[in-house]
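To start, the structure under review is shown below, and the notes come after it.
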């Protein structure tokens with residue numbers, strides 16, 4: 023009788039496909055993890071399994087995209103493998119690259135103390151470039167320019183290439199803004215988030231000793247959410263595993279929805295070509311959603327031609343039918359959805375926290391917010407103003423950045439006269455012109471101008487006051503006491519007086535001052551946890567956390583109102599996917615630019631957020647540019663029902679004959695029949 027081999031406790035709770043992904047440890051491995059199939063579980067158990075096999079923790083690198091995901095993985099690893107897991111490097115691409123660049127800055131002629139230009143500062147720099155070029159913001163919107171510049175960098179397109187590739191005046195204008203923007207970053211000795219990736223790839227391509235060090239150290243590399251990688255991220259990973267090829271990537275091509283910001287779906291589609299002999303494993307058992315929800319998702323996504331063929335299966339079994347409801351207009355849609363939510367909670371069928379309203383565009387939430395408030399339904403709008411976007415928080419961070427990096431022009435220009443100290447607009451313009459001509463930051467330029475007597479008495483006196491406060495704070499920064507630094511700085515610049523001056527209402531003043539105190543709380547927490555706290559390290563942590571964690575905090579018992587892009591990675595018991603019309607989903611711009619497949623993936627992401635109940639709505643008419651215009655249901659709804667669109671249906675991008683909608687019935691109509699409803703509890 024054959025001897026039974028006992029299975030490791032780590033593997034016992036996995037299904038067969040998950041177990042194979044965990045135990046395939048050598049060579050390139052592609053794990054196609056569909057929505058709700060236990061992706062995070064597989065990647066963390068795989069790392070713990072490597073430890074169990076005797077691999078040193080320091081030889082394992084696990085890269086993901088958000089700090090929240092990295093923290094979750096670290097916590098899971100500690101629960102799976104205990105203290106030995108502490109040596110595994112779990113980080114985001116950006117934090118990994120920052121450490122790499124700080125360590126090897128000299129190879130790239132960078133100062134090791136380079137600052138970070140965050141999203142808000144990037145917009146400020148773009149606006150400055152537009153002014154310098156005398157281009158009106160109505161001609162080139164700053165956010166559109168910043169997005170295009172980011173796309174240039176993620177596509178490894180230089181300023182000169184951007185100029186050469188320009189098809190029209192707008193493209194050429196953006197390329198010129200790109201050039202001025204880069205000059206601003208260099209003058210200020212700061213890098214933006216795209217630079218972290220581009221320069222890290224440059225370092226690895228040009229410095230073989232550095233690349234070899236990383237390859238020798240990290241013998242096992244795992245990449246989470248591989249479908250979201252862009253060109254530089256792909257290049258960095260490939261450089262690290264160049265020879266040993268021990269790379270495991272986990273992702274889902276059907277959830278690749280960030281092409282507009284540089285994510286390249288071809289990397290996950292072409293993995294087996296890039297890494298010949300790679301093993302491919304499908305995770306297809308979904309533990310999140312019912313059969314009906316997955317059936318709808320599968321029917322839609324199979325219409326994409328560029329994908330790995332697969333079909334999700336539900337581990338939960340059958341549930342309620344997916345409802346597709348036709349509404350009169352957006353007001354009726356919002357009223358219906360909010361009334362149903364109110365009713366379900368009142369009869370005990372649901373909790374607010376279990377419900378999400380998902381939209382395609384940033385404009386759609388307005389009508390829903392009005393009805394949610396009218397019905398006293400608590401809700402959380404994901405994508406609202408971040409804590410880090412508050413004026414007082416940005417002011418304080420600008421001071422800290424200037425203390426850490428006196429060449430940071432954007433930070434200096436923000437706080438030069440906040441609070442007011444006699445440095446007027448004319449003086450600032452004179453300083454910026456001199457700084458641009460000299461190719462250095464505005465702060466050191468103004469210092470020279472004050473010392474040479476080329477500025478008036480009032481701005482010179484104000485600058486000396488500012489300089490004294492900054493020097494005092496800089497001395498405290500060297501000691502590592504960030505809380506003392508902040509308290510001293512706030513006192514020396516009289517910032518509380520500034521809050522009191524700007525906001526006459528006492529409640530608002532207190533709210534704003536609490537924001538300032540929250541920065542002190544961040545500093546205290548960082549100082550307590552960091553082995554060697556520094557101002558640079560503190561600013562780095564704030565910058566890296568600012569972009570991906572601000573909207574995902576626990577909001578208590580409240581409905582979540584969010585865009586489909588923000589919903590990726592989340593799940594809710596009951597989902598309302600609204601405005602599923604031609605022109606919205608798929609979006610007209612995406613259709614005209616040939617990105618229908620990404621829009622279909624966005625629909626797939628929305629459908630697979632639902633665990634038990636999914637309601638999809640579309641309107642017969644919607645107000646556009648002050649007129650009521652007729653709408654047509656999305657092509658994805660016909661795909662979901664495996665039916666051809668009816669005669670008269672107009673796809674997005676085609677000219678519409680009738681612009682005014684016919685009257686629609688007041689009641690919501692369902693295009694599915696026999697929807698099963700759960701019994702009241």
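Residue numbers (my numbering): 23 to 703.
By construction, the Cβ of each residue, glycine as well, lies at the ideal position given by its N, Cα and C atoms.
Taking C-beta atoms under 8 Å as the contact rule, residue 654 and residue 615 fail to qualify, at a distance of about 20 Å. The beta carbon of residue 185 lies closer than 6 Å to those of 197 in the same chain, with the five residues before and after it left out. In terms of Cα proximity to residue 636, the closest of 645, 516 and 347 is 347. Counting the other Cβ atoms within 10 Å of the Cβ of residue 413 gives fewer than 16, which makes it exposed.
Between residue 314 and residue 341, the C-beta spacing is below 8 Å.
Look at the region 265-303 and you find these whole runs of alpha helix (DSSP H), each 4 residues long or longer: 288-291 and 293-296.
Under the three-state reduction of DSSP, residue 205 is assigned to helix. Excluding the 5 residues flanking it on each side, residue 456 has same chain C-beta neighbours closer than 8 Å at 467 and 471, in chain order. The beta-carbon separation of residue 310 and residue 593, rounded to 5 Å, stays under the 8 Å limit for a contact. DSSP places residue 548 within a helical segment (H, G or I) once states are collapsed to three.
Residue pairing by DSSP puts residue 594 in a beta bridge opposite 632.
Counting other Cβ atoms within 10 Å of its Cβ, residue 383 stays below 16 and is therefore classed as exposed. Bridge partners of residue 655 according to DSSP: 603. At a Cβ-Cβ threshold of 8 Å, residue 148 and residue 167 count as neighbours. Boundaries of the alpha helix (DSSP H) around residue 471: 464-474.
For residue 56, the secondary structure class from DSSP, reduced to helix, strand or coil, is coil. Spanning the alpha carbons of residue 428 and residue 463 requires a straight line of approximately 8 Å.
In the three-state reduction of the DSSP assignment, residue 484 falls in the helix class, which pools H, G and I. A direct Cα-Cα distance of roughly 26 Å separates residue 58 from residue 359. Note on residue 387: 16 or more other CB atoms within 10 angstroms of its CB, so buried under the neighbour-count rule. A straight-line Cα-Cα distance of about 12 Å links residue 273 and residue 279. In the DSSP assignment, residue 114 is bridged to 86. Judged by DSSP in its simplified three-state form, residue 188 adopts coil rather than helix or strand. Around the Cβ of residue 113, a 10 Å sphere holds 16 or more other Cβ atoms; the residue is buried.
Residue 214 sits in a strand when the DSSP states are folded into three classes.
Boundaries of the beta strand (DSSP E) harbouring residue 346: 345-349, taken from the DSSP string. Taking one beta carbon from each stretch, the region 313-327 and the region 655-663 have 3 or more pairs nearer than 8 Å; the two touch. In the DSSP assignment, residue 380 falls outside any alpha helix (DSSP H) and within the unbroken beta strand (DSSP E) covering 377-381.
Inclusion of residue 558 and residue 420 in the CB contact set at 8 Å is not warranted, their separation being larger than that value. In the DSSP assignment, residue 645 falls within the unbroken beta strand (DSSP E) covering 643-646.
By the Cβ neighbour-count rule, residue 73 is buried, with 16 or more other Cβ atoms within 10 Å of its own.
The Cβ atoms of residue 154 and residue 109 do not sit closer than 8 Å to each other. Pairing residue 390 with residue 356, the inter-Cα distance amounts to about 5 Å.
Below 8 Å, too few C-beta pairs join the region 637-651 and the region 332-339 to call them touching: fewer than three. According to the DSSP assignment, residue 675 belongs to no beta strand (DSSP E), since it is labelled neither H nor E.
Nearest C-alpha to residue 598 among 378, 511 and 481: 378.
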